[in-house]
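Report on the structure given below.
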């Protein structure tokens, strides 16, 4: 499980690998003599896959599941293949696909299955969708029920809008993009090619900009700074469910090519995220902060505003970043948890650390 | 306030309690001689309830509001009833409903009111809803305006879909469930009986799975791992507004029976949450983590991926859990706040703790 | 950029300032002799604005961009104007608008542009919207496609509902409000005048209330406490994308006048937020907590339940507030981050702080 294709449409393992995009990967088959290539209906973990499924071993922690697997074929590294061979006469019952990068080969095979089960293309607009007369809809675009595409919006060829998406006036979706149900783009948002946008994400809401203005009701009142910038999203970007990306105040909020954003992330106005940076769920990035390329930001981290993080910076989950980081590396700031009573004892001392340092100095002077 | 029923439809206190499901609860009435049973139109706090309302005292911090309450009746514990009796001649003006568990009895009475004001049932599909011809709609299901129910989806008997819900292809909602406006289920999601799903929640978005793949645009680029698993939600589960539960990579993300999830929670792919565990708002649970039964997770906590928490584990709000927990108990990891200047002084020492320990050791050696 | 008006509709700088609401602000123009008032098509930063755009200098960190700006006019403080004058013969190429509060004057001008580009008003209900016959729709209200307005709801004059908003039964929107796409109000929610509500926000979902009730499935099971209160939002409130505000248990959750809430904030049941308080993104506020007036709550902070914060309290981002605060001031509780190895060394000592204090005491006694 999951079985992805019925037996009649399942390719043989050889045909499957021939159909898979293996750019940059080398692989070979290894099997007991006389073993024929199994038909592959789907993919599974080592513990759950059956004879018509392909599995993979990428994480050593699962190696002990290899001898008992029922999978018809398994992608393994050359090291694992060698170890299997060294075990001698008792060749494993599954065919091995040997590759230096089993996880990536698995990903490529999985991508083939994803395409194989995608519904047939062909231009389509559900009759309940409301599409402005001057919207520009590319070839073979599919627009689901209850969608709204406002004036002047452009949807690139082969893109799919799931149910109930809203594309604001003049906004742009590149070709080959997939918007799941209930994606919202305000006006003035541009998304590149091959985007994957998940349900509930909101691109282009106003940045949080207010100036103190007593004329708006008295002491402490706020006057709104209208947000005239847009959101500019590059190619090959994935944005998770209920993530929000605010429009810029005067210039755009910018998400670079190949950036991957998980669910429930908040990207404030005028943030810039460099190419290939990946951000895990529940992260908040405050206004005007710039993040470099190839960074990873762990879940539930928060970044203060107006910061600059260089390329190849890796932030551990749950860390608050409050100053610039120019040097590549891993940065962490998680308060360690403990049993509640122990935490109470230690936390009490936190409040006295300045005093403790002073007492230590006094002792050292004696 | 709130008044829930008009006077003509309000039951007497006796009738109300007779109609209430009191399974597992014992209770008795206590009133001044000759006092008749008041009609109960609604429920209120001790400070706000009027003569036609029932109140309750469950939290001792509100006991001082008891003498002044205008409520027609109050649910109290035997201890409170005894204290009231001991005050002698001046019997309180309200009828007492005496029960060892006032809060639970209140909950049951409130549930009766909730049912009483629910609109009449009866099968109904709003004409603006888009329901696939082969969707299986149970008896007396109500489907609100602008909903989308895709091919092969199944909605159990007596369930209600509020406005603008999207039920993906082949997904399943059990009987007697309530989906508020704008709930989104992707394809391949199963929800059990008696679910309550709140607006903006998203079940079944892709898990955040990517493999490094330079062929996708160069150094640092990511290749997508398609997410073929589903989401499996048990019976009696409530899921809060804008909470997201991702689908599994190959197997399902699993939410056990009776689990309660508050708003804006993120449950990543392949997480498993045991029965009756309650999770407060803004919690993030990273991929493949397993949480036991009867746990409580405080608000804004975060759990790293691939962890195992046993049964009856209680996490304080704001705590980052980064390792397995097998022993029941309460765990905390909140950095204590202080006035800003004091925080600055103490936080500066945090960065020197290793050094401070060393200096202490040096002194001890002398 | 952004150019907001075409040349034919762009006012001269004099006309623009005359049309701008400058209540409470004084300003004057200063320019090289003979310089005519430029036409202003839009607004820009110092680094991006062109000759037909107005810019501003509010933050000293951008002062070095002033000499090189291409802007046709710049709002500056009297100090900056004096410094420019002191530079002598080489008068700057741009017209200066001199004002003690450049940022606020900029805000007011930007508000003028925001109004100028707003589409013409006039009553309008898109034919795909579903509006209950007994809903009360004020004068010149505009209701977008796919909206749902339930029975008895009221929409105040001049308000705009973007696409796919859901207004629950009996809920109220005040006049001159703007709801962007996909705003959800449950039944029983009241919002005041001049509200700005962003996509995906949810007002009125059930508070997270459960009582232990073994009758619901065994040990550890929960019984639901129905939530009968509402949500009451004052005038001039802005609520960000995907923010959730739960309804009260018996009384209302209350958001005061002029409160500004950023994206992805969670406000639990029975919270009360005082006038003009501003809350940054990703904050969680637990149930029954009261926040005073004119507070600011930094991003990703969390507030425990049943607390009281007084007026003029300022919480730094990422801080967990776990006790009452009565004194105005700034409060912080962020664990400082470090390079990962350094963090590991220091975090290890955190777990021994109680012991370290004891050892220090022992040494001091000697």
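Protein chains in written order, with this note's numbering: chain P, 1 to 366; chain W, 367 to 732; chain Y, 733 to 1098.
For every residue, glycine included, the Cβ atom is placed at its ideal position computed from N, Cα and C.
- For residue 315(P), the uninterrupted beta strand (DSSP E) run begins and ends at 313-315, by DSSP.
- A contact between stretches requires three or more CB pairs, one per stretch, nearer than 8 angstroms, and the region 716-729 of chain W fails this requirement with the region 372-384 of chain W.
- In the DSSP assignment, residue 420(W) forms a beta bridge with 409(W), 439(W).
- The continuous alpha helix (DSSP H) containing residue 356(P) extends over residues 353-365.
- By the criterion of a C-beta distance shorter than 8 angstroms, residue 474(W) is surrounded in its chain by 386, 387, 388, 391, once the five residues flanking it on both sides are discounted.
- Counting only runs of 3+ residues, the beta strand (DSSP E) found wholly inside the region 68-135 of chain P occupies 73-76, 95-99, in chain order.
- By the CB criterion at 8 angstroms, residue 961(Y) and residue 980(Y) fall inside the cutoff.
- Under the DSSP assignment, residue 189(P) falls in the beta strand (DSSP E) whose first and last residues are 189-191.
- Here residue 1073(Y) carries a helix assignment [DSSP, helix/strand/coil].
- The C-alpha of residue 520(W) is placed about 11 angstroms away from the C-alpha of residue 558(W).
- The C-beta of residue 576(W) comes closer than 8 angstroms to at least one C-beta of chain P.
- Residue 621(W) and residue 600(W) do touch by the CB rule: their CB atoms are close to 6 angstroms apart, below 8 angstroms.
- Membership of residue 751(Y) in the alpha helix (DSSP H) is indicated by the continuous run 745-751.
- Residues of the region 249-269 of chain P with a C-beta less than 8 angstroms from any C-beta of chain Y: 250, 251, 264, 266, 268, listed in chain order.
- For secondary structure counted as the beta strand (DSSP E) over 3 or more consecutive residues, the region 511-596 of chain W holds these complete runs in sequence order: 555-557, 568-571, 576-578, 588-590.
- Look at residue 401(W) here: in three-state DSSP terms it is coil, with no helix or strand label.
- Residue 251(P) has no beta-bridge partner at all, per DSSP.
- The residue from 846(Y), 838(Y), 895(Y), 824(Y) with its alpha-carbon nearest to that of residue 856(Y) is 895(Y).
- Taking residue 692(W) as reference, the option from 683(W), 699(W), 679(W) with the minimal CA-CA separation is 679(W).
- The alpha carbon of residue 184(P) has as its nearest neighbour, out of 897(Y), 905(Y), 903(Y), the alpha carbon of 897(Y).
- Of the residues assessed, residue 122(P) falls on the exposed side of the cut-off, its CB having fewer than 16 other CB atoms within 10 angstroms.
- Around the beta-carbon of residue 426(W), fewer than 16 other beta-carbon atoms lie within 10 Å, marking it exposed.
- Rounded to the nearest whole angstrom, the CA to CA distance from residue 977(Y) to residue 355(P) is 42 angstroms.
- With fewer than three CB-CB distances shorter than 8 angstroms, the region 302-317 of chain P does not count as touching the region 656-666 of chain W.
- For residue 762(Y), there are no neighbours in chain W by C-beta distance under 9 angstroms, as the nearest C-beta there is about 39 angstroms away.
- Per DSSP, reduced to three states, the secondary structure at residue 49(P) is coil, with no helix or strand assignment.
- For the options 902(Y), 914(Y), 869(Y), the alpha carbon positioned closest to that of residue 147(P) is the one of 914(Y).
- Per DSSP, the unbroken beta strand (DSSP E) holding residue 30(P) starts and ends at 27-30.
- What residue 968(Y) touches in chain P, judged by beta-carbon distance under 7 angstroms, is 216, 217, going in chain order.
- If you check each beta-carbon in the region 556-574 of chain W against every beta-carbon of chain Y, the ones closer than 7 angstroms belong to 564, 565, 566.
- According to the DSSP assignment, residue 1061(Y) belongs to the beta strand (DSSP E) that extends over 1061-1064.
- Counting only the Cα atoms, residue 412(W) lies some 19 angstroms from residue 382(W).
- Near chain Y, meaning a CB-to-CB distance below 8 angstroms, the residues of the region 322-341 of chain P are 322, 329, 330, 331, 332, 333, 334, 335, 336, 338.
- Against chain Y, the beta carbon of residue 86(P) has no neighbour under 7 angstroms; the closest one sits roughly 37 angstroms away.
- Within the region 271-287 of chain P, contact with chain Y at the beta-carbon level (separation under 7 angstroms) is assigned to 284, 286.
- Taking 8 angstroms as the CB threshold, residue 770(Y) stays off the interface with chain W.
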